[in-house]
Amino acid sequence: MKYTQTTLDKLETIPEQSGYVLRYERGTFQSGYCILEEKKVIVLNKFLQIEGRINTLMDLITQLDINPDMLTDDARKLYLEINARAQQSQED
Numbered sequence: 010m011k012y013t014q015t016t017l018d019k020l021e022t023i024p025e026q027s028g029y030v031l032r033y034e035r036g037t038f039q040s041g042y043c044i045l046e047e048k049k050v051i052v053l054n055k056f057l058q059i060e061g062r063i064n065t066l067m068d069l070i071t072q073l074d075i076n077p078d079m080l081t082d083d084a085r086k087l088y089l090e091i092n093a094r095a096q097q098s099q100e101d
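Going by my numbering, the first residue of the sequence shown is number 10, and it counts up by one from there.
So, in structure tokens, the structure goes:
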């Protein structure tokens, strides 16, 4: 996966289309993000570079309760690809 703004934009659509609010804020997040489950708010550390934001979102997306049927075709394809990668890395 390429570390570009376009890739980041595509990744950001997955939680947003699933009803999550994605915000970039300042904070001391050890993992680079904070999830407020009850309000479906995801707060990412705004000081992360694009590569860090992409890696954090890829890790985070596998942990969220996302219904693939709510996603557009492009977002669903990317979501399934991310989950397949995560499963493959767990098996290795």
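For each residue, glycine too, the CB sits at the ideal point set by N, CA and C. This structure is a prediction, so every number in the text was calculated from the model and none was measured.
Local conformation of residue i per DSSP, three classes
| i | result |
| --- | --- |
| Leu89 | helix |
| Ile75 | coil |
| Leu80 | coil |
Cα-Cα separation, residue i to residue j
| i | j | result |
| --- | --- | --- |
| Arg94 | Ile23 | 16 Å |
| Glu47 | Asp68 | 20 Å |
Residues that DSSP places opposite residue i in a beta bridge
| i | result |
| --- | --- |
| Glu34 | Asn54 |
Residues near residue i in its chain [Cβ-Cβ closer than 6 Å; skip 5 each side]
| i | result |
| --- | --- |
| Ile75 | Ser27 |
Spatial neighbours of residue i in its chain, beta-carbon cut-off 7 Å, leaving aside the 5 residues before and after
| i | result |
| --- | --- |
| Asn92 | Thr71 |
Close-in-space but distant-in-sequence residues of the same chain around residue i (CB under 8 Å, 5 per side omitted)
| i | result |
| --- | --- |
| Leu17 | Ile59, Arg62, Ile63, Leu66 |
| Leu87 | Lys19, Leu20, Ile23 |
Residue i Cβ short of 7 Å to the ligand PLP heavy atom set
| i | result |
| --- | --- |
| Tyr88 | Judged by which ligands are present, the structure shown has none, so any question about the ligand PLP falls away. |
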